[in-house]
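Note sheet for the following structure.
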Amino acid sequence: MVQNMIRTAKFKRLKKLAVLLSACLFLVALAGCSESTDSETNPGGTQSDASATQTENAKGRYLETEVKMPEKISHVIGVKRCSDDSIVVVGTDDNQIAVYKAVSKNRGKDWEETKLEAENTRHAAVNDDGTVALIGYFTTKENSNIEIVDKDGNVTKLDISLPEYETGREDAGNMITSAVFAAGKLLITEFEGRIYEVDTKSGELTKAVTEIGEEVHGLISLGNRIVLLTKNGVRIADAEKGTLLPEDTELQKAVGTVENGSDRPIYPVMFAASEKEDELYFVSHGGIFYHKQGGSTTEQLVNGELVSLGDGSTAFMEFIRFDDEHFMVFVVDSLGNDRCYNYEYDAEASAVPEKQLNVYALADSAVLQQAISAFQKKNPDVFVKKTIGMTDDNGVTAEDAIKTLNTEIMAGNGPDVFVLDGLPADSYVEKGIISDIGSIMEDADKKDGLFTNITEACKKDGKVYQVPLRFYFTAAEWDSGVKEISGGPQEIADYIKTLKEGNKPVMPSFPAEMSLYSFYDAYSAVWKDENGINSDALKDSLEAAKTLYDLDGYAEDERWSYSSVYSDMLYQGQIIYGTLGQGSNSRLTGDAKVSIGTLNGVSDVMSMYGLESSKAGSFGMLGQGEQRVFVPVVSLGLADAAKDNESAKEFIKTALSADGQHQMTNYFSINKKAYENECKNAKAYSIGGSDGEGRSFGYEVKPLNEKQQNDLTAMIESLNTCMWNDRVVQDLVISEGAKYLRGEQSLEDAVSAITKKVQLYVSE
Amino acid sequence: MNRIGKLLSVLILTVFGLMTAAPLFFLFCGGLMGNGEINEYLKPFIYHMDGYAGWRLFPLYPTLRNFVKLFLDSPEFFRMFWNTMAVTAGILLGQFLFGLPAAWGLARYPVPAKKVFYMLCIVLMMLPFQVTMLSEYLVLNRLGMLDTLWSMILPGVFSTFSVFLMYRFFCGIPEELLESARIDGAGELQIFFMLGVPLGASGILSALVLQFLECFNMIEQPLVFLKEKSRWPLSLYLPEIDEKQMGFALCCSFVALVPPLLVFCMGQQYLEAGIMAGAVKE
Amino acid sequence: MSLNKLSKLHSKLLRSAVCVGNIPPAGEYYNLKKRRGLTGLAFCLPGFFGIAIFYLVPFLDVVRRSFVQASGGRFCGADNYKIVLGNAAFQLAAKNTARFILVCLPLLLLLSLLLALLVNGLGVRLKAAFKSAFLLPMAIPAASVVLLWKLMFDTHGFVNGIADWLGLAPVDWMNTDAAFAVLVFSYIWKNLGYTLVLWMAGLASVPQDVYEAAQIDGAGRLVRFFKITLPLIKPMIFTIVVLSLLNSFKVFREAYLVSGGYPQESIYLLQHLFNNWFLDLSVDKMAASSVLLALVIGIFVAVLEHSWEDVPYRSSHE
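Chains as they are written, first to last, in my numbering: chain A, 1012 to 1775; chain F, 14 to 295; chain R, 250 to 567.
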């Protein structure tokens, strides 16, 4: 998710790399989900205004096509539409060493690529005439330069000296946080939030846009205007005169505060200029919008829900508008892959899709949104209406949401496709709410090949009622060689005990719930018993979890505080508790010897191998006896009421196909072809950082080699059991177990409370 | 003896009174505290740390930040407040139009099978909401009222609880009064408006006040009957606020409590006089 | 909706009722009663119509569902009832609910009566102040009550803090049998003022001269209370019991919001079960058991009514 960690003054405030990494993950996740809802709610009003004026069978809609990216560039660092309507893309190769400039005169159909003789690879600002300014990673006193490459390829190195970053620390360096060309001027911002104009000949700095009293953390070029991003929102300034334009409350309301969760200048909102000075366009996860400055409305041109823009896990790099109302959006997904979409108006397409497909999920997730985008792209005549039971802003509990859903199902208003995560799937099967989708799955298996060990484990009475699109599993990593730990929780606890030396921590600090989630994922299937829960097995796991918890060597208030907000996010799949990589980074800094957590996809495995190339170690899957347990993610079910609805079946088919999953990045794919593509298309990058004590480290993450991929495939194919997929049981185990781990109740009390309640649950 | 007895009774009552009134005080003080201060006191509770949650009688660093945030920066609070007011007004008006005559008729006339009606009213009033929720949803669905405020208002209008309350009250009016009015040539409608309503005023008002409180506490109905969040009542705003912003939560609770409290204070004498009804017998 | 038409019909009926009233009934008593009955019906009709739509019809639907299978919708006779009565969870929930009501009702009635008597002996101002204080919990929104409950009865909460200060051992209130006590406490806390005011209204209705006469006869406080006050406020007791019973079902909301669908065993009430059944779409079981609940309530209230209640209309005409 976070591609490059830069050693910067800002990061030094943070104590541990692990904290930093998780904080970034958190931020990205938060930004991802909050922005998506913001843009849904805010421009929502204008959306209904717009659609109100359209009659039911009105024609005309923007349709999306994907644009091929330049071949040599795998990592875009700058994009611009030049004055001659050509598009310039600047980017680096796989290793982020060589810089290329690609120019397209036909809106992305063909690219003409040239290598630039430059060294800076972090960010590129492109001028209207094709001049490129390349910004490097370090712009401190000792190492400060911007490379200017003119349209003929001549490179000029500029020495610029930013004022010291005022933290009072000796080694605190300053750096350029964003750079744009606007009105022919090169404008930059730095850590202190000031804006400077850089003389492209001499490298001299002059203060630009002086009267703004807030820190500006980013700039977006808007023709002769610039958009200033501050922590309070957005302001627009005249780039030529350096004056602020009046505040635009309507625009502010529509876009909110725009923040960046990455080291690249990518944002959840991006702006594009119009030929008129008082108009602008912007793109967000809600869609593409037109706005007249100072005007009272914002008009929606493209509905984000109907196209790929709705995927809240992505961020925007550049938004281009051509004068014939044709749009191009450069998007970066959660793994850092670049994509480009074209939006062209089709006067023949119906304004609003005629058919509607209702998809219900208890919690939103990037995977679901990606599945919807993929389906939407293939079926522009069907509108997928996504209903989310628990959103960030409605505060509804899972039980309330299910109650409402059940009522709607009973009244015949239920959805066509269920995302069964967290829903009482077994009851739905029993009561005939969802129907068999065995044939759909067989087709999918024939087409691309599925991991049938997973689909087999999801069967009930020989029938397939639900199938997960993605899945993950629990693993451990430590210095000595492990490949698979099948002795169960006690064996792990016993082994970790032997690693303890004095007061040094063995494991990274974690809240009580976190290890319980990991253990629930890994062992809950073993606890399952025909008339409730096997209290001996449960006891084993809880005891082992307690051992680990006490061994980690942290006091209660040193742990990350674990809030209800956090646990909600677990449900939404936005963040994964204790990923193996997070914990293992602590191993790298010497703060831990072992980490236990989830492996959430190919990229996680890649970073594990990368990490181990820097510090020896190995990782393996947790299991007990013969059982290798996986956790399903986004399990789809077909509503019995929608049996004859071809769109519903088509949706599941698409979601299972390699095409449908090509945008998905989290967790492992159930589709073999998609999995192989992910391995093949993965990109190398490097991770580095330093902790509070000044220890710095880094490692290279590379795509899996053949052996590694085979090992991973074998690991995945050994999975044979689905987690005890029951919201009630999981909640009970986590909440009662956490009290035991924190020492608030005895093991016997915890086990008996869980056992009694689960028995009660089963007997209902 | 009498003096000591009185003192003792005041003492006992004070203990109980403090117990029932303390929460109001707690909400108000908490609303005036900053998050930092509250978190300091409640740390053991929030972070599961050793020790116990504590409290101060008055905030150490009183701040109006929570109130400012609520009043200036929480438009949804007001939207939900007005939703609640709309629902409440609808229900109260409706009860006046439908529930009131029904209770009167049931109490003062030999309506056929009145005993059955009466018992049915009591049983329906007691059944927990989740029992009839699904069936009620189906009815509202059929009437096309789902996702409108009507789905809150109409079931409230026909609440059997207020019929029961007002019924009990009307029973307390002496029959002789009505008879003498009839002998004076008053029509039944006249009797209802000129005698029944004024004599029953305190009972009616107490039923309405109780209904008002009920409206400020609806949680299950709006969750199931209203999909559109913009129509949600205030009672659903509060559960959204989690333990992490305790000061704000307490402030919201306090503010949400004000309208019922006002109605309560204004209606209290009626509430008391009439909260029960059947007792006022000659 | 034909509400409009209905109200027209209604006013027509009422107008005729007015006529009936204007002509003094010369005929037999039977005729009078019939006419009066019709007049009453005219008053009742619109209200009853609404009640029928929003409460009776849904309830009848529940009764229907109790004889039908949840999946497939086949009629299955009394099967659901048999399943429910044999269900361990139902037995536990029914037992707990009954126990809760049997403990709470007498406790609340006695405590509030006692306090009402104490308040009655005070001056006007103190009386008003105490009544307001006791009534406050009614006005506090459920969500705030829940927050308070969590804060008080958490292992690290206020109550344990006070216990610790007093040198007592902390109690895990919500996860031991103490949870039952917490539930009883919260019920009493919330309804004390309400019931107290009910009692006071009843006490106020006892004519002062009866007391004085008894006092002259030399009757003591206790004798006066048991021989005069109690019998005179008997119908009031009926109302108080019915309302307290009603409120005892409402305590579920707080219990559920504090400790979820699977609380400590002793406070697992029928409504928890209903709730959980609905989450599992076991509508058939839920319907059958709620019909049983309605029956029990009906019988209880009928018995109560028979022994304590007298309808005024009957008393003046029979």
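For every residue, glycine included, the Cβ atom is placed at its ideal position computed from N, Cα and C.
Note that the structure is a prediction, hence the values are computed from the model and not measured.
Asked: Cβ neighbours of Lys1168 (chain A) in the same chain (closer than 7 Å, five flanking residues each side left out); Found: Asn1156, Glu1158
Asked: Option in R:Asn496, R:Trp557, R:Tyr511, R:Phe501 with minimal Cα separation from Lys483 (chain R); Found: R:Trp557
Asked: Per-residue contacts from Asn230 (chain F) into chain A (C-beta, under 7 Å); Found: Within 7 Å Cβ-Cβ: nothing; Asn230 (chain F) doesn't reach chain A, min ~16 Å.
Asked: Own chain, CB closer than 6 Å to Glu1290 (chain A), minus 5 neighbours either side, in chain order; Found: Lys1303
Asked: Own chain, CB closer than 6 Å to Leu1771 (chain A), minus 5 neighbours either side, in chain order; Found: none
Asked: Span separating the alpha-carbon of Glu1208 (chain A) from that of Thr1132 (chain A); Found: 21 Å
Asked: Beta carbon of Lys1396 (chain A) nearer than 8 Å to that of Val1363 (chain A); Found: no
Asked: Start-to-end residues for the alpha helix (DSSP H) that takes in Met1421 (chain A); Found: 1409 to 1421
Asked: Status (buried if at least 16 other CB within 10 Å, exposed otherwise) for Ala1326 (chain A); Found: buried
Asked: Closer than 8 Å to chain R by CB, Thr33 (chain F); Found: yes
Asked: Residue range of the alpha helix (DSSP H) that includes Gly380 (chain R); Found: A quick correction: the sequence has Lys, not Gly, at residue 380 (chain R). It spans 373 to 388 - the alpha helix (DSSP H) in which Lys380 (chain R) sits, taken as one unbroken run.
Asked: Continuous alpha helix (DSSP H) stretch holding Ala115 (chain F): start and end; Found: 113 to 121
Asked: Under 8 Å by beta carbon: chain F residues contacting Gln520 (chain R); Found: Pro141, Gln143
Asked: Minimum Cβ-Cβ distance from Thr1766 (chain A) to chain F less than 8 Å; Found: no
Asked: Three-way DSSP call (helix, strand, coil) for Lys1768 (chain A) in this model; Found: helix
Asked: Selection from F:Leu83, F:Met165, F:Arg78 that minimises the alpha carbon distance to Ala102 (chain F); Found: F:Met165
Asked: Any 3 or more C-beta pairs closer than 8 Å across the region 1382 to 1399 of chain A and the region 1354 to 1368 of chain A; Found: yes
Asked: Closest by C-alpha distance to Asn79 (chain F), when choosing among F:Met146, F:Val271, F:Pro273, F:Cys264; Found: F:Cys264
Asked: Proximal residues of chain R, C-beta to C-beta of Val124 (chain F) below 8 Å; Found: Gly286, Gly289, Leu290, Cys293
Asked: Where Cys278 (chain F) falls, given that 16 or more other Cβ within 10 Å makes a residue buried; Found: exposed
Asked: The region 1717 to 1724 of chain A in contact with the region 22 to 30 of chain F per 3-pair CB rule at 8 Å; Found: no
Asked: Cβ neighbour criterion (16 or more within 10 Å) applied to Val472 (chain R); Found: exposed
Asked: Complete runs of the alpha helix (DSSP H) confined to the region 1241 to 1304 of chain A [at least 4 residues]; Found: 1260 to 1266
Asked: In DSSP terms, what Met1339 (chain A) is bridged to; Found: A:Ile1331, A:Asn1353
Asked: Host beta strand (DSSP E) of Trp1489 (chain A) (start-end); Found: 1478 to 1489
Asked: Cβ contact (3+ pairs, closer than 8 Å) linking the region 1678 to 1693 of chain A and the region 1459 to 1471 of chain A; Found: yes
Asked: Any C-beta of chain F under 8 Å from that of Thr346 (chain R); Found: no
Asked: For Ala1144 (chain A) and Asp1335 (chain A), the rounded distance between their alpha carbons; Found: 29 Å
Asked: Chain F contacts from the region 465 to 493 of chain R (Cβ-Cβ distance under 7 Å); Found: Ile482, Pro484, Met485, Thr488, Val491
Asked: Status (buried if at least 16 other CB within 10 Å, exposed otherwise) for Ala1358 (chain A); Found: exposed
Asked: Asn52 (chain F), DSSP secondary structure in three states; Found: helix
Asked: Buried versus exposed call for Asp63 (chain F) [16 or more other C-beta atoms within 10 Å across all chains shown]; Found: exposed
Asked: Assigned secondary structure, Asp1121 (chain A) (DSSP; H/G/I helix, E/B strand, else coil); Found: coil
Asked: Counterpart residues of Asp1540 (chain A) in DSSP-defined beta bridges; Found: A:Gly1543
Asked: Secondary structure of Ile1448 (chain A), DSSP reduced to three states; Found: coil
Asked: Length of the line joining the Cα atoms of Leu400 (chain R) and Phe71 (chain F); Found: 18 Å
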